[in-house]
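Numbering (full-length UniProt numbering), first residue to last: 1 to 124.
Backbone N, C-alpha and C define an ideal beta-carbon position, used for all residues, glycine too.
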């Protein structure tokens, strides 16, 4: 499959390494990223934009299991690295959130390093 930028009309698509704040971010089973790092960045941005915090239940070179930090919230995302050794694919996703946003727009994922990387992208 050729690498292409995000296309929300396809069920299976590959994202490039660069994610911008203005991009429309969606998660779907079958979504692919070029690298595990690109996947982590994308899901982090997705969580920040959707106003929930995530934690990495498992963060290995070949798989990720991410969960919502909300107490008893069932949101879960499972990503594996494919046999080519670099492409990653979202294998399962529990999209439902039972937690509620507290309205303060606080997110530990949006730390100084992340904000600086977003500003640096805009300056390019």
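Simplified DSSP assignment, three categories, for residue i
| i | result |
| --- | --- |
| residue 29 | coil |
| residue 68 | strand |
| residue 44 | helix |
| residue 77 | strand |
| residue 51 | coil |
| residue 98 | coil |
Buried versus exposed, by CB contacts within 10 Å (16 or more), residue i
| i | result |
| --- | --- |
| residue 56 | exposed |
| residue 72 | exposed |
| residue 98 | exposed |
Residue i CB to nearest heavy atom of the ligand NAP below 6 Å
| i | result |
| --- | --- |
| residue 77 | With respect to small molecules bound, the structure shown includes none, and the ligand NAP cannot be examined in it. |
Residue i to residue j span [Cα, whole Å]
| i | j | result |
| --- | --- | --- |
| residue 69 | residue 84 | 32 Å |
| residue 54 | residue 27 | 14 Å |
| residue 100 | residue 61 | 31 Å |
| residue 88 | residue 32 | 5 Å |
Nearest residue (CA-CA) to residue i, options the options
| i | options | result |
| --- | --- | --- |
| residue 95 | 81, 77 and 89 | 77 |
| residue 93 | 24, 30 and 86 | 30 |
Presumed contact (8 Å Cβ cut-off) between residue i and residue j, rounded CB distance
| i | j | result |
| --- | --- | --- |
| residue 43 | residue 66 | 6 Å |
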